[in-house]
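If you read the sequences in order, they're chains A and B.
Each residue of the first sequence is one higher than the last, beginning at 1 in this note's numbering.
Each residue of the second sequence is one higher than the last, beginning at 1 in this note's numbering.
Idealized CB from N, CA, C, for every residue including glycine.
Only a predicted model underlies this, so the values are computations on that prediction, with no experimental measurement involved.
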Amino acid sequence: MSAVLVEDVSRTFGDVIAVNRVNLKVERGEFVTLLGPSGCGKTTTLRMVAGLEQNTGGRISIGDRVVSDAEKGFFVPPDHRQLGMVFQSYAIWPHMTVFDNVAYPLRIRRKSKAEIEQRVMATLRLVEMDKFAQRPAPALSGGQQQRVAIARALVFEPEVLLLDEPLSNLDARLRTQMGDEFRALQKRLGITSLYVTHDQEEAMALSDRVVVMHGGHILQIGAPEEIYQRPVSRMVAAFFGSPNLLDAKVSACEPEAGTRYFQLTVNGNGWQGKARASEKFEPGESVLILVRPESVRVGDQAADGALSWTGKIVSSIFRGPRTSIAIETSGVRINIEAPAILGLKVGDQVKVAVPAGGAWAIRPEDAQK
Amino acid sequence: MAVVADAGGSPDGKFAGALRRPLTPKTGILSHIASTSLGRNIGIGILLLILSFLTLYPLSMLFYGSLHSTPPGMAGEFNLDGYRQVLSAENVLILINTVGISFAKTIPAITLAVLLAWICARTDTPGRGVLEVLITLPFFIPPILTAMAWGMLGNKQVGVINMAWQWMTGTTDSPINVYSYGGIVWHMMQYSTPFLFLFIVDSFRAMDPSLEESSRMCGASRWFTFRRVTFMLMLPAIVSSFMLSLIRGIESFESPLFFGLPAGITVITTEIYNAINHRATPAYQYATALSFAIMAGMFLLVIWQWILLRGRSYTTVTGKGYSPNITKLGPWRWVTFSFCILFFIITVVLPVGQLAVGSFFKFFGFYSWDMLTLDHYSAVMQNKDFWRSLSNTMLLGLLGATATMILGGIIAYVTVRTRWRGRKLIDALAWLPWMMPGMVLGVGFLWAFAMLPGPIPIYGTIWALLLAYMALGTPISVRVMSSAYHQLSFDLEECSRVHGASWWQTLWRILIALAWPSFAVGWVLTFFGIIRELSASILLYSVGSEVLSVTLLKLWANGQAEQVSVIGLMMMLLVIFFRWVQLKLIKQRISTL
Ligand SMILES: Nc1ncnc2c1ncn2[C@@H]1O[C@H](COP(=O)(O)OP(=O)(O)OP(=O)(O)O)[C@@H](O)[C@H]1O
Ligand SMILES: [Mg+2]
């Protein structure tokens, strides 16, 4: 039995369809992230799970309990859903101390004084805020407020923890640190978490599974590597970094041994080689070949069947650990992230190659969508 | 914004702010009364009913009365005689008087207010915090008190100022006579300057300093920057205070009553008052028609203001705590300091001092040692009318301020925090009294109470006054509370809901807990409003339900300036006490939020 089950859920605001028939399953103890560009409906989805927004279509269950069913007009208000939530603004109540903020969910549930004291302090210790228990809430830094917000959401052991861009108000360094800390805590306590962000790196670093959304739809659900290396469409591919997407034609297709993928042989404009795909292609079909800039090797001897190009470097930007270069060859432009140590300069003639497994084929039809 | 429908998940309006997400209570089995549409509709219905009775009803009765040939409650016929009388040559003069006086006081008042606000917010004048409190004090003093004090100070025969002048120059001429156009303007200016100051000072203070700094970096001089950046950014606030001051000037009653009537200068409010109170047969129809006409005029003014200001409010005020640019004045700072102190002396120390002095001498105007006495105090203590009106005023103040603030708090909640159907209507109804001068609302309520069916005897009781005060106070209470709610993000409420608190628990533990300082501040403001109110009270009181301001006026009319001084002094103490409480509360709020 899953912790959260979202079935065919939609939400409209007047003419705007904010969320369109979304299906999603979060298992117990799992960390699932909703990822997508601004306005794609992430927050709305999360708020429907929380009960802060009512879904106009579909059904939502938490644990073994249906909490909202639009067809039956059934709706459980947020206070009866046993959820913890961390808001983007943290929503730390300014008229209470840190202790009172964290104790709030327990006081609402009429726990005994001793139990409140003990559980609040234990939770504050968990987020390393026990020293600040008696501080007035406004006298906290952003990172501290965030910890308090997490403590408050965890203190009554909710079935699911919902987080709406909890790190977006922090500066870059703190963001990474808090993210890692939270992930460690989540793993240790096995908290089922549904997390919203528009930051791809954050999503990949933290999650068990990532849900990529766009325009109210789900484009793809999968583990971070899968989403990154094997996107189902151009849109998902383009959402992470700035990949090379090359037009090509299929000349052969055969199933890969021991996996559920297919090996394609593709022909481009003056180049050819092998790529993987998740589905069967007919010879002669057009495909889009996805090559991540950091998968391209400069100067390597091309292995058998690997894609390779020779061209002139047209731009080069030093970025510290690596250098972003672009080469142009017979009408294609290829972006490459190369180790900075190679000392590549504009105008150099180089040979580049993609090792096996570095090229991924996408059907262009759905790329057009 | 469109009126938004949101009944249990039905489509919301297209333009409903995507950024603001009100916590919309939904229908559902486990929901409670407040969130079921039935409960919600009943709530909205009751609110609409109360508001209509407070605002729409007297307004329509005003119109009814203006067409009705006989006084309220008597059989008569409908005709346009009232309006015919309004269109007379004398009334053109009255209108010119009214508007002219209002302009004459607004222009110097706003200049002074901008100057004082700049001194307090943007210079290094010593003791700015205290100066600010002193400068704004006159706003909280009931104008009737200062009017009486200035009536004594600037009296042509026995006024202290003229006596001092004669003593200094050795002549016998009296240069000052407050019973004149100048006197009216002078008095109005005194309480409208601090009012405008309060309005303007925050926009001076909250201005992002980088806006000015970038102008300086572009090579502009300090004065050029002030004219082209600071002043232009302030312009919306200044224009809106200008309009507000103009409207308030037209509505003003005390100043023309005290200084205009004896000199034969009539303005619209005193004309209405005269028509009802000072004619052999009260001319109700005429007074009502005049009231309705002036209200229509106000309505046009408000619309004009709205058009002037549309799209002109630059959001220079952000949540960030800027420390604004402070101009170093050098030795000039003592000049600005003295200027503020001078303002305080003229507007507070002089009149209060006059009241204090007046209360200890046998006859006002004869100040010698053998005239010292405490007789007036014992006279006041034995004056039954005084005690009755004091207890009436206190009762009305406490009850009225509480009721008005609760009503305002609910209205503001519905209009700011929910998307319930009908909230726009509620907002509009609550705002209606904003353009009704107290005098006009008083006339409206006169008719409204008289037209009530027999068994509801409100007229002549203090409940009549209570209702009028509530109507007059509602726009302010709604404003105060909505700005309080606006500052609280929806997250704070939603977070409480998700973590297990019900709608009621959230209301109590989060919203009310956070908004109560504003409530208290608003309460004190409303309370001040009630104890100073004269124009509606004078029409609606009857024997037994006098309030302090009415009693004061009666004593004054009987020539008992000495007892007036005693009572005035006590009211002053009350005002200072409440102002102190209010300041304490504001301070506390600033340190906790
Ligand atoms: N209360 C509302 N009324 C009308 N439209 C809304 C409302 N709430 C959200 N929307 C619309 O629904 C769409 C999805 O909004 P949502 O807040 O879920 O986006 P998001 O993915 O969280 O974006 P972001 O990353 O910017 O937070 C947007 O187009 C938004 O304008
Ligand atoms: Mg969002």
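Neighbourhood of A/Lys274 by C-beta, 8 Å cutoff - its chain only, sequence neighbours within 5 removed = Excluding sequence neighbours, A/Lys274 sits near Gln263, Leu264, Thr265, Val266, Gly305, Ala306, Leu307, Ala356 and Ala359.
In chain A, what lies closer than 7 Å to B/Cys495 by C-beta? Within 7 Å Cβ-Cβ: Met85, Phe87 and Ala91.
Exposed or buried, A/Arg292, counting other C-beta atoms within 10 Å across all chains shown (16 or more means buried)? buried
* Classification of B/Thr393 by the beta-carbon crowding that lies within 10 angstroms, buried from 16 upward -> Classification of B/Thr393: buried, given that the 10 Å Cβ count is 16 or more.
Anyone know if the C-beta pair for B/Ile272 and B/Ser291 falls short of 8 Å?
Taking 8 Å as the Cβ cut-off, B/Ile272 and B/Ser291 qualify as a contacting pair.
Taking 8 Å as the threshold (C-beta atoms), are B/Gly444 and B/Ser545 in contact?
no
Practice prompt. Since I believe B/Leu196 is in contact with B/Ser241 (beta carbons under 8 Å), could you give me their beta-carbon distance rounded to a whole number of angstroms?
Written response: 5 Å
* Hey, is B/Ile510's beta-carbon within less than 8 Å of any beta-carbon in chain A? -> B/Ile510 counts as touching chain A.
Practice item. Below 7 Å CB to CB, which residues in the same chain sit around B/Thr136 once its five sequence neighbours on both sides are set aside? Key: Pro194, Phe197 and Leu198
To which residues does DSSP link A/Gln88 through a beta bridge? Note: A/Gln88 sits in no beta bridge, so no partner.
Discussion item. Let me see if you follow: with CB-CB separation under 8 Å, is B/His499 close to chain A or not?
Written reply: yes
- Query: So what does DSSP say about B/Trp434, is it helix, strand or coil?
  - Reply: helix
With a threshold of 7 Å, establish whether the CB of A/Val196 neighbours any heavy atom of ligand 2.
yes
Check: Where do the N-terminal and C-terminal ends of the alpha helix (DSSP H) with B/Ala379 fall, by residue?
Finding: Annotation: the continuous alpha helix (DSSP H) that includes B/Ala379 extends over Asp375 to Met381.
Are the C-beta atoms of B/Ser502 and some chain A residue less than 8 Å apart? Yes - at least one Cβ of chain A is within 8 Å of the one on B/Ser502.
| request: With DSSP collapsed to three states, give me the class of A/Asp69. | output: Reduced to three states, the DSSP call for A/Asp69 is strand.
Q.
Which of the three DSSP states is assigned to B/Leu429 in this structure?
A. helix
Within 10 angstroms of the Cβ of A/Phe281, are there 16 or more other Cβ atoms? Answer buried if so, exposed if not. buried
What are the residues of the segment 91-120 of chain A that lie near chain B, defined by any Cβ-Cβ distance shorter than 7 Å? Listed in sequence order: Ala91, Trp93, Pro94, His95, Tyr104, Pro105, Ile108 and Arg109.
### Query
Between A/Val86 and ligand 1, is the CB less than 7 Å from at least one heavy atom?
no
Self-check item: B/Gly529 beta carbon less than 8 Å from that of B/Leu472
Solution: yes
CA-to-CA distance, A/Ser278 to A/Ala252, given in whole angstroms: Looking at the two C-alpha atoms, the distance is approximately 14 Å.
A/Val212 vs A/Val250 beta-carbon contact at 8 Å: Between A/Val212 and A/Val250, the C-beta gap is not smaller than 8 Å, which leaves the two residues out of contact.
Short Cβ contact (8 Å threshold) for B/Leu48 with B/Leu407
no
Which residue from A/Arg59, A/Thr123, A/Phe87 and A/Gly84 puts its Cα closest to that of A/Phe75?
-> A/Arg59
So which residues of chain B does A/Arg152 contact, with C-beta pairs closer than 9 Å? Cys495 and His499
### Contact set for B/Gln582: own chain, Cβ-Cβ below 7 Å, skip 5 residues either direction
Val521 and Val524
Original post:
Hey, would you say A/Ala139 sits closer than 8 Å to A/Val120, going by beta carbons?
Top reply: no
- Query: Do you know whose CA, among B/Gly170, B/Trp463, B/Trp516 and B/Ile462, lies nearest B/Ala484's CA?
  - Reply: The shortest C-alpha separation from B/Ala484 is found at B/Trp516.
- Partners in chain A for B/Asp370, counting only beta-carbon separations shorter than 8 Å: The contacting residues do not exist; B/Asp370 stays about 60 Å from chain A at best.
Pair within 8 Å by beta-carbon distance, A/Gly270 and A/Ala248 = Cβ atoms of A/Gly270 and A/Ala248: not closer than 8 Å.
*Going along the chain, which residues of the segment 26-54 of chain A sit with their C-beta nearer than 7 Å to a C-beta in chain B?*
For the segment 26-54 of chain A, residues whose beta-carbon sits nearer than 7 Å to a beta-carbon of chain B comprise Ala50, Leu52 and Gln54.
_Separation of B/Tyr191 from B/Phe344, as counted between CA atoms_ = Their Cα atoms are separated by approximately 11 Å.
- Query: What number of angstroms, rounded off, separates the C-alpha of B/Thr474 from the C-alpha of B/His486?
  - Reply: Straight through space, the alpha carbons of B/His486 and B/Thr474 are spaced by roughly 18 Å.
### Query
Which stretch, first to last residue, makes up the alpha helix (DSSP H) that contains A/Met48?
Taken as a continuous stretch (DSSP letters only), the alpha helix (DSSP H) holding A/Met48 covers Lys42 to Ala50.
Compute the distance between the beta-carbons of A/Pro166 and A/Gln88, then report whether it is under 8 Å.
A/Pro166 places its beta carbon less than 8 Å from that of A/Gln88.
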